[in-house]
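Report on one structure; see the data block that follows.
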Amino acid sequence: MNFQNERPIYLQIVEQMEMKIMSGYYPKGSKLPTVRELAMQYKVNPNTMQKAFVELEQRGLVFAKRTSGRYVSENESVIENVKQQAAKAKTQEYIRYVRQLGLEEEDILRLFKECGKGENDEHS
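Next comes the structure, spelled out in structure tokens:
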């Protein structure tokens, strides 16, 4: 995996794991791979992966069962809340970017509609 130098690796892993949970790749209530397995997959030190798991637990997306590993939360509202926060953050990032380009609100809304329509056409 290619990590960005300017951000802590464990946070980049957290974002990837969040995306996998939110998209259903790791379904609610499912058992996650072990720290060692994921560390090998991401090509990081197990301590880095452990730190990512702690962060995911603090966010409520993952919980540990004492003797059987870590599982994805079954709490739909927690997962939905994280999904909404992630979408909002990306939207705010996009709006800041296009405003720097000099676009006004009407232009931004038009682009959202155009791009959204194109996405719907591609997924039909």
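Sequential numbering of the sequence shown, starting at 1, is according to the UniProt record's numbering.
Backbone N, C-alpha and C fix where the C-beta goes; we use that ideal spot for every residue, glycine too.
Quick caveat: nothing in here was measured; it's all calculated off a predicted structure.
Less than 8 Å between the C-beta atoms of ALA52 and ASN45, yes or no? no
Just mark SER73 as buried or exposed, buried being the case when its beta carbon has 16 or more other beta carbons within 10 Å. buried
Can you look up PHE112 in the DSSP assignment and give me helix, strand or coil? helix
Cα-Cα, which of LYS88, THR91, LYS65 is closest to THR34? LYS65
Sequence-distant residues of its chain with Cβ nearer than 6 Å to GLU37 (five each side left out): none
Please state whether the Cβ-Cβ distance between TYR71 and LYS20 is less than 8 Å. no
According to DSSP, ARG70 sits in a beta bridge with which residue or residues? ALA64
Looking at the unbroken alpha helix (DSSP H) that takes in GLU44, where does it start and where does it end? Inspection of the sequence shows that residue 44 is occupied by Val rather than by Glu. That residue, VAL44, is in no alpha helix (DSSP H); it is neither H nor E in DSSP.
Can you tell me the Cα-Cα spacing of ALA87 and ASN81, whole angstroms? 10 Å
On the criterion of 16 or more Cβ atoms from any shown chain inside 10 Å, does LEU109 qualify as buried, or is it exposed? exposed
Figure out for me which residue from LEU11, LYS113, GLY29 has the closest Cα to the Cα of GLY69. GLY29
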